[in-house]
Structure formats: C-alpha cells, structure tokens
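**Q** Dropping the structure in here first, questions after.
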Amino acid sequence: MSHVIYPQTNLKAVEQLVLDRGEGIYVYDKQGKAYLEGMAGLWCTSLGYNHRELIDTINEQLGKLSFSHMFGGKSHQVGIDLAEKLSAMVPMDNAQVFFGNSGSDGNDTHVKMLRYYFNAIGKPEKRKIITRERAYHGVTVAAGSLTSLPANLAHFEAPLDALGILRTDHAHYFNGRIGDETEAQFVARITNNLEQMIIREGPETIAAFIAEPITGASGVIVPPAGYYEKVQEILNRYDILFWADEVITGFGRTGADFGCNSMNIEKPDMMTFAKQLSSAYIPISASLIRGDMYEAMVDPSSKVGVFGHGYTYSGHPVACAAALKVIEIYERDKLFEHASDLGDYLQQQLRAKFTDHPLVGEVRGKGMIGAVEMVANKQTGKAFADGQVGAKAVACCQDNGLILRAVAGNSLAVCPPLVINREQVDELLTKMETSLDQTLAFARQQGLLEE
Ligand code: PLP
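When you number the sequence shown by the working numbering, it's gap-free, plus one each residue, and the end is 487.
Here is the structure:
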C-alpha cells in the first residue's frame, strides 16, 4: 500500500489501476495495456492526451513567466486576455472573472462573492442558497455543503445552517416521478415545491439558486423540457440569482458552447468553470459574475482597503496560457460543432444499443455526455439495493480496455474527450456493449434481477 490518501475512494480498496501515459483518447497502464478513456479523465480532458501544440504553449509560458500572482494590482497579459475572452463568450452582461484552481474553490469564491455583493447593496439578510437534491458542486467546506450526494456529506459535519443551504427537488423524471405522473406534471410539481419553499423561507433571505445545467456525478440528469424555463420564471419573480455551475457542461460538452445554451437558461447571473477550461492540462477555475455585481463590490473593498479574497495561484500565468490556447483550439477546430454532430450520433447509438437491454432502465444524455442506468427491474425501474452492479460494469469495461465510471450507484456514465472521432465512438460502444452483457450475466448469476 502507498502513502496516498486517495480521494473519492473506498479506503479499503485502493490502487486498482496504475496508469502510466496517455496519447490521444487512450491511456496506458504500466504493462502497456491501452484503455479508451471514455470519461475524459474526470469529465475534463477534452483535447485528449499528449496534445503537442498545447504542451508547447505551456512550455513556452513556463520559460517566459512561470509564476506571477494577481494580488495588490499585479497582473499579466495572459490573465487579462483570458478574462476578456471568457467575458466575451458567456451569455452574461459584462461578466467579470475571478480565477481559482478547481471547481470546488471556484464555487466557494461564488459563495463569498454573493455575501460580499448583498452586503454591498444593503441586503445582508439575503444569503441563503438553494441547491438541489443529488447536486454535485465539489467538496470544499462551502461547495461540499452545496453538494447533496450522501457520501460527500457523511461524517464531514458540513456547516449547512451557517451557510444557509436549502435543498429542493432534483430534476430527474425517471427516478423522481410519482405514479404515472407525466413529465409536464413532474415539472409542475417540483417547480411548485421550489416556489413554496421560497415563500416559506422568505425570498428576501435567499440569494441564489445553483444548478449544473446537466449533472455529472449524480448520474447525468437532463431535466425535462420546460424545467429551466419555469425555474427562471420563479427566480425572477422573487429576485433570486441563477448560478450556473458549468464545471462539467462548459465548453462544448453538451453539444453547445455552454450548458446554459443547451438547456435554455437565459442570462445566468453567475457561472463557474474549471475542467475543460484548460482540458485539465493545468488546474484553473473561473468564477464569473455580472458586471453590475462587480461594480457594487468596488466601494466596500476600497473602504476595507482590499477585496480580501484570493489564492496564491489565482490567475496562474501557465494555467491562463493553457486555457487561452485550449479555447483557441476549440474555436479553430470547431470542436463545439463537432461535439454537437458526433454527440447526436453518440446519443442515438446509446439509445439504439441499450434501450432494450435487460439490465438498462433508462438511457439519457445530451451531446457528448450520457449515462445508462442499470436497474433491478426493467419494468418498474426499481433500483438495485447497492452499487455492486455498477462496480462490476466498470470492472468489465476495464478488462475490455475501456474506462467508464459508475455514478449515482449504478448509472454507467460516458463522457469521452471531445476530440474523439466516429470510429472511436463505435469502439467505445462495442466495448460498452460487451461489458454490459457480462454485467448482465453477473447480475443474473447473483440473483439480483427481477425478471
Ligand atoms: N462542480 C461540478 C458540476 C463538478 O462536476 C465538479 C467536479 O466534478 C466540481 C464542481 C468540483 O470541481 P473540482 O473537483 O475541480 O473541485
């Protein structure tokens, strides 16, 4: 056993795969076995591995200015350029950008900026944040409190009350519907619950509603048509900000530039980015707020003497150079269009191959992100009692040279690098089909299926 404390790992079962190198969309273990990286690492390696052009840019920046901070008025051109580029890309008014190092700290920054902003405009009581059941927003103290997955909350004593965390329904029709409720009835019920909660708590106490436009870690939930339209209508009615956590959905993943644009979320007030912002070559996050929110923060900071928030590596020049180059490659190589076209093919093939599979209750996704949910009873959609079927499917994939991940127990997620081509999508799906058939045999042998 090594001396690593492994993140998001069963500490009794560590080191199941030791990877050595990557090339394109494949990674290789120590024995040289190739794996198609069907999860783009952790939903992040959009340009794949060993991208020479990007590595050259990173090396150049390392040689030119390997570090410079942004405290106290210091800056550098790549940081200024990246903020300007992001501000021009997003569906927000005059966005201002705060740089960090991870999706989690990007979300923590937003929690702090929300408080700063509402204090600045004389509404200090407006500080609660609505998150959704099954949300994943990271693991730092504040972001981890916005996350709703049981494993990320158990034993950590998150300061939920101090942070004013409110939880509303998740938007997964397949798991959340009651009886023979239609999608439209489901949306009407859960958005009504949201509105009732806002009224109960007092809208004047609620700052923002946070959502992943399409979720990742909680099982790739694509909300039904009309959901976000209704949510925005309610938030506007009660003067509550829409905060889009685009850590997974940003930069082409859903077949559009941003998940907000795929999901009809108009003009979010705040957006969080990480992961594909730099294709995971160097850690970086960006927390964006509306220009007028920034303006409101200027005077109070000047009274204190400083906007007292910032990381040593906020705007790290190497990370900024990497992100700028990644965005240039996205645009030049038309990767968002590619993700849209190939994403349509991926979604259509996932449905064609797996909708009738005896182990599969639902196939879902959009663009280049998807999941198949394995269930104990195909007719009723009844879930398995634990996650052993998901774990088995992941192990079968691994044996077959494919890396996928089981999320929300037994949903097998698919999220390949955006640079994948059609033949490689076919390879992914063939390996996935073989693995699901093997998992089916296992589930039958163990008597886990109600057939
Ligand atoms: N937000 C979302 C939607 C995520 O999926 C993640 C990570 O998967 C995070 C935030 C946290 O990002 P990080 O792991 O970089 O802290």
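All C-beta atoms in this analysis are idealised placements derived from N, C-alpha and C, irrespective of residue type, glycine included.
1) For Phe210, which three-state DSSP category applies?
2) Could you tell me if the beta carbon of Glu248 falls within a distance shorter than 6 Å of some heavy atom in the ligand PLP?
3) Short check: CB of Tyr264 to CB of Ile301, under 7 Å?
4) Kindly indicate the opening and closing residues of the beta strand (DSSP E) around Thr176.
5) Measuring CB atoms only, is the stretch 384-393 touching the stretch 428-436, in the sense that at least three cross pairs come out at less than 8 Å?
6) In the structure shown, what three-state DSSP assignment does Lys370 receive?
7) Given 8 Å as the limit, is there contact between the stretch 295-315 and the stretch 115-132, that is, 3 or more CB pairs closer than that?
8) With DSSP as the reference, identify every bridge partner of Gln132, one or two as the case may be.
9) Only counting the same chain, and skipping five residues up and downstream in sequence, which positions put a Cβ closer than 7 Å to that of Ile94?
10) Ignore the nearest five residues each way along the sequence and tell me which others in Gly406's own chain have a CB closer than 8 Å to its CB.
11) On the three-pair Cβ rule with 8 Å, is the stretch 269-280 touching the stretch 242-251?
12) Which value, in whole angstroms, describes the spacing of the CA atoms of Tyr366 and Trp79?
13) Taking 6 Å as the cut-off, does the CB of His393 come closer than this to any heavy atom belonging to the ligand PLP?
14) Could you pull out every residue in the same chain whose Cβ sits closer than 7 Å to the Cβ of Ser140, ignoring the five residues on either side in sequence?
15) Please state whether DSSP places Asp305 in a helix, a strand or coil.
16) Just the Cα atoms here: how many angstroms apart are Arg88 and Asn413?
17) Using DSSP's beta-bridge definition, name the partner residues of Met410.
18) In this structure, does DSSP put Ile456 in helix, strand or coil?
19) For the candidate residues His191, Asn211 and Ala322, whose alpha-carbon lies nearest to that of Asn143?
20) How is Leu277 classed by DSSP in three states: helix, strand or coil?
21) Using DSSP with H/G/I as helix, E/B as strand and the rest coil, what is Asp377?
22) Can you check whether the C-beta of Phe478 is within less than 7 Å of a C-beta belonging to chain D?
**A** By the coordinates alone:
1) By 1-based counting over the sequence shown, the position of residue 210 is 174. It is helical.
2) If you number the sequence shown from 1, residue 248 lands on position 212. The answer is yes for Glu248.
3) As a working note, residue 264 is residue 228 in the sequence shown. As a working note, residue 301 is residue 265 in the sequence shown. The Cβ atoms of Tyr264 and Ile301 lie closer than 7 Å to each other.
4) Numbered from 1 along the sequence shown, position 140 holds the residue referred to as residue 176. Counting along the chain, Thr176 falls outside any beta strand (DSSP E), and DSSP gives it neither H nor E.
5) Fewer than three beta-carbon pairs drawn from the stretch 384-393 and the stretch 428-436 are found closer than 8 Å, and the two stretches are therefore not classed as touching.
6) Taking the sequence shown and counting its residues from 1, the one referred to as residue 370 is at position 334. Shown here, Lys370 sits in coil according to DSSP, grouped into three states, outside any helix or strand.
7) Result yes; three or more Cβ-Cβ pairs closer than 8 Å.
8) For the purposes of this step, residue 132 is identified with residue 96 of the sequence shown, where counting begins at 1. DSSP lists Ile325 as partners of Gln132.
9) Here residue 94 refers to the residue found at position 58 when the sequence shown is read from its first residue. Cβ within range, chain order: Tyr317, Ile318, Val354, Ala357 and Ala358.
10) On the sequence shown, position 370 is the one that residue 406 refers to. The answer, listed in chain order, is Val256, Leu382, Gln383, Leu386, Val399, Arg400, Ala449, Val450 and Cys451.
11) With the cut-off at 8 Å, the stretch 269-280 and the stretch 242-251 touch.
12) Translated into positions along the sequence shown, residue 366 becomes position 330. Translated into positions along the sequence shown, residue 79 becomes position 43. C-alpha separation (whole angstroms): 16 Å.
13) The sequence position of residue 393 within the sequence shown is 357, counting from 1. No, the beta carbon of His393 sits no closer than 6 Å to any heavy atom of the ligand PLP.
14) Locating residue 140 in the sequence shown gives position 104, counting from the first residue. Contacts found: Gly174, Val175, Thr176 and Ala179.
15) Within the sequence shown, the letter at position 269 stands for residue 305. In the structure shown, Asp305 sits in coil (DSSP, three-state: anything other than H, G, I, E or B).
16) Along the sequence shown, one-based indexing puts residue 88 at 52. Along the sequence shown, one-based indexing puts residue 413 at 377. Computed Cα separation, rounded: 47 Å.
17) For the purposes of this step, residue 410 is taken as residue 374 along the sequence shown, with counting starting at 1. Beta-bridge pairing by DSSP links Met410 to Val396.
18) Along the sequence shown, read from residue 1 onward, the residue named residue 456 stands at position 420. Correct three-state label for Ile456: coil.
19) Your numbering for residue 143 matches position 107 in the sequence shown. Selected option, being the one with the closest Cα: Ala322.
20) Stepping through the sequence shown from its first residue, residue 277 is reached at position 241. Strand.
21) Taking the sequence shown and counting its residues from 1, the one referred to as residue 377 is at position 341. Helix.
22) Within the model displayed, chain D is absent; a lone protein chain is all it includes.
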